[in-house]
Amino acid sequence: MFPECKKAAGWMDGFERPWFVAGGWAIDLFIGKQTRPHADLEIGIFREDQKALRDQLADWEFRKAVNGSLIIWNGEYLNLPVHEIHAVDRVHNQQTEILLSEREEGRWIFRRNFGISCPAAEAILFTEDDIPYLNPQVVLLFKLKARPKDQADFHSARDFLSKEQRYWLKQGIRQMDIHHPWISYL
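Put into structure tokens, the structure is as follows:
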């Protein structure tokens, strides 16, 4: 489908834990076409799979995002609030941002509000060619800011969301910001 996402699938081939394309690319995988330019490719894993990720990308260099700075990550277990890792493969000139997702008792948990969750199995969807991506209802919950790219992603995905996805997203947004303008569109 999209070369960037296929590249990620290649990096993660053989990874025996759940992973997914996140961010704007996840919206595009859901819709089936590229809706806007993307500055980067984000993939996600569940927090407990950090070591398996390092083993999978053994030749890559890793930095964790801490308080707005990128610091070398030496493999120590990363707890919240750290949730972002930048990975670089200098040999093949490739890079990605890895987002750590929370999971508890079979449920994906929204790290910004632990009261928002969904079954972990519903948090990850798959393209026809088996590329995993984060459910757009979840992606959009992370995009409640007023940035133009977040607005574009919402308006691109909105009409493709199922009734159930719209309902879940609407309830999540209400918990985050009862006055958020997207509520009226859902």
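Residue numbering for the sequence shown follows the working numbering, beginning at 96 and increasing consecutively. Cβ coordinates follow ideal geometry from the N, Cα and C atoms, glycine included. A quick note: this is a predicted structure, and the numbers were derived from the prediction, not measured.
- As the crow flies, the alpha-carbon of Ala218 is around 24 Å from that of Arg242.
- By the CB criterion at 8 Å, Leu136 and Ala182 fall outside the cutoff.
- Sequence-distant Cβ neighbours of Ala252 in its own chain, meaning closer than 6 Å and more than five residues away, are Ile122, Pro231.
- A contact is defined here as three or more CB-CB pairs under 8 Å, and the region 105–112 meets this definition with respect to the region 148–155.
- With respect to the 8 Å criterion, Leu175 and Gln145 are not classified as neighbours on the basis of their beta carbons.
- The beta carbon of Ser212 sits closer than 7 Å to those of Arg202, Trp203, Ile204, Phe205, all from its chain and outside the five residues before and after it, given in chain order.
- Contact between the region 225–239 and the region 258–272 is present: three or more C-beta pairs spanning the two stretches fall below 8 Å.
- The straight-line gap separating the alpha-carbon atoms of Met96 and Gly163 is approximately 33 Å.
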